[in-house]
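Enquirer:
Numbering (mature numbering (1 follows the signal peptide of the UniProt record, and there is no 0)), first residue to last: -26 to -1, 1 to 291.
So, in structure tokens, the structure goes:
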């Protein structure tokens, strides 16, 4: 009798452990692009000639070269003039070890026309958009959308670019462009908008994204933005990022690296369900903590230590 009871108890325990294991796997498994890597998602970055935009684009390019990310190789930079292409390739060459983006990756777009933006986003699944844009009035690149030999247009850079910084007096222009972008996303049937809100950007940025009725993720980053000197993707994630959903509160944080924010954008698209909307508070609490160092070589990862970010996002719905 005793052996039979022991056998039954063992069976019950085994089933319970199996159910528990599957529940944990379901909770921790990626729900974004990495959940279906064969269905590779095409991502566009707005203003990728700026530092944070270019860094995000560089990570997307690397992620697109790896099967398990579910991100397509054909990431796209949306900008207005050849200045975007020049700035982007300058950053890529120095920070991503001779990487480059040829004309197939860059779509020069009239950011003042919804139709032009919509055409540039056609066939793309998601966009990444920051609220802090530097603006420069530049000559329109010949053969694009010029109306005369001296035509000029606002060029936007996500974050600073070649001495151009985010200026309060240009934010009305940026706000209109953000409205145009979100309207274009609706027309192009973009499936997800990932917005990055840092200090000093467009007023009502998060509310604009919410009003678009497109599923979204907004990263509300607190703390002083900084840049890691001589950064390359091999240095990877440097900060211990704390993520809290909008129901939580942010402690304010100290310095937060632009490079870490860019990496978090790409990880969010891999880890989080695109059909859901969420606001995530992000801050840095010090140097990155590596409880489980990566088992991969740097050239086998889209971003070194990105597994740490994936772990941070497991509790986010």
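Cβ coordinates follow ideal geometry from the N, Cα and C atoms, glycine included.
1) Along the alpha helix (DSSP H) that carries residue 179, what are the first and last residues, could you check?
2) Residue -22: buried (16+ other C-beta within 10 angstroms of its C-beta) or exposed?
3) Which of the three DSSP states, helix, strand or coil, is assigned to residue 286?
4) Under DSSP, the alpha helix (DSSP H) around residue 58 begins and ends at which residues?
5) List the DSSP bridge partners of residue 252.
6) Considering Cα atoms alone, identify which of 99, 52, 97, 88 is closest to residue 76.
7) In chain order, what are the residue ranges of uninterrupted beta strand (DSSP E) at least 3 long that sit wholly in the segment 29 to 56?
8) Check for me: the alpha helix (DSSP H) holding residue 150 runs from which residue to which?
9) Output the distance between the C-alpha atoms of residue 35 and residue 242, rounded to the nearest integer angstrom.
10) Note down the Cα distance separating residue 127 from residue 153, rounded to an integer number of angstroms.
11) Since residue 129 is in the beta strand (DSSP E), which residue starts that stretch and which ends it?
12) In the DSSP assignment, find the beta strand (DSSP E) that holds residue 168 and state where it starts and stops.
13) Using the Cβ count rule (16 or more neighbours within 10 Å means buried), how would you classify residue 229?
14) Report buried or exposed for residue 129, applying the criterion of at least 16 other Cβ atoms within 10 angstroms of its Cβ.
15) In whole angstroms, give me the CA-to-CA distance for residue 219 and residue 19.
Expert: For this structure:
1) Translated into the one-based positions of the chain shown, residue 179 becomes position 205. Residues 179 to 185.
2) Here residue -22 corresponds to residue number 5 of the chain shown, with the count starting at 1. Legend: pLDDT at residue -22 = 44, less than 50; position of this residue unreliable, value from coordinates given subsequently. The residue is exposed, with fewer than 16 neighbouring Cβ atoms inside 10 Å.
3) For this step, residue 286 is matched to residue 312 along the chain shown. Helix at residue 286.
4) Within the chain shown, numbered from 1, the residue matching residue 58 stands at position 84. Where residue 58 is concerned, the enclosing alpha helix (DSSP H) stretches over 56 to 69.
5) Here residue 252 refers to the residue found at position 278 when the chain shown is read from its first residue. Per the DSSP secondary-structure output, residue 252 pairs in a beta bridge with 191.
6) The residue you call residue 76 lines up with position 102 of the chain shown. Comparing Cα-Cα distances from residue 76 to each of 99, 52, 97, 88, the minimum goes to 52.
7) Within the segment 29 to 56, the complete beta strand (DSSP E) runs of at least 3 residues are 50 to 53.
8) Looking up residue 150 in the chain shown gives position 176. Counting along the chain, the alpha helix (DSSP H) containing residue 150 begins and ends at 145 to 162.
9) Here the question's residue 35 lines up with position 61 in the chain shown. Here the question's residue 242 lines up with position 268 in the chain shown. Approximately 15 Å, taken between the alpha carbons.
10) In the chain shown, residue 127 corresponds to position 153, counting from 1. In the chain shown, residue 153 corresponds to position 179, counting from 1. Take the alpha-carbon of residue 127 and the one of residue 153: they are about 17 Å apart.
11) Here residue 129 refers to the residue found at position 155 when the chain shown is read from its first residue. Here the beta strand (DSSP E) through residue 129 covers 126 to 132.
12) Translated into the one-based positions of the chain shown, residue 168 becomes position 194. First-last of the beta strand (DSSP E) with residue 168: 166 to 171.
13) Position 255 of the chain shown, counting from 1, holds the residue named residue 229. Under a 10 Å Cβ-count criterion, residue 229 is classified as exposed, with fewer than 16 other Cβ atoms of the shown protein chains found around its own Cβ.
14) Walking along the chain shown from the start, residue 129 turns up at place 155. Classification for residue 129: buried.
15) Here residue 219 refers to the residue found at position 245 of the chain shown. Here residue 19 refers to the residue found at position 45 of the chain shown. Their backbone Cα atoms lie some 24 Å apart in a straight line.
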